[in-house]
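Q: Encoded as structure tokens, here's the structure I'll be asking about.
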Amino acid sequence: MKIKSSIKEDLEGSFVYLIFSRELLYIGETQKITFSRWIQHFYYKGTFYKKIENKGLKISEYLNDLNLISVELTEVRNDYSENRWKVITQAVEHAIHEELSCYRTNLMKNYYEKYYPYTDSFEIISDTSRTCPKSIPNKDWDYARNYASKILIEIYNYL
């Protein structure tokens, strides 16, 4: 038996998350606990749902084949003031998109070879063109990119 609970403080935080469904990968961020965001994605008007639908794929097959990863960005909350949390989280999300777009081998080896060995590539179906911070200092981009690299290493080790 497993009993889990949460209190209000557990429902807030800075998170990035990955939604794996077959050869598709969706990367996102939220300032609330991740499961509330995932539920929105899987609803028929949700972003993830729409992305699958727009590709002409069979939605039920993809929604029935999900793996979800959430990472709480505790360092963002410790290193930045509250008014910066969202923008820094968005920068980290964008940096994860960048790294996984350029360097696919580690994710292929650590996730796809284990869970979907018949898949020889993956497609990132999320995009940060609207949410990517437009004007933050270079030091914040350096922070976001370094943090994104650490997150991905931890995810690879976790998998």
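One gets my numbering by counting positions in the sequence shown from 1 and adding 1 to each.
Built from N, CA and C at the ideal position, the CB exists for glycine as well.
(1) Can you tell me which of the three DSSP states ASN68 falls into?
(2) Can you say whether SER127 is buried or exposed, counting buried as having 16 or more other CB atoms within 10 angstroms of its CB?
(3) Quick check: ARG38 and TYR63, are their CB atoms within less than 8 angstroms of each other?
(4) Going by C-alpha distance, which of GLU94, ILE53, GLY14 is nearest THR129?
(5) Just curious, the alpha helix (DSSP H) that PHE49 is in, first and last residue?
(6) Helix, strand or coil, according to DSSP, for PHE123 in the structure here?
(7) Can you tell me whether LYS33 sits near the ligand COA, meaning its C-beta is under 7 angstroms from at least one heavy atom of the ligand?
A: Straight from the coordinates:
(1) strand
(2) buried
(3) no
(4) GLU94
(5) 48 to 55
(6) coil
(7) Ligands displayed in this structure: none; no statement on the ligand COA is therefore possible.
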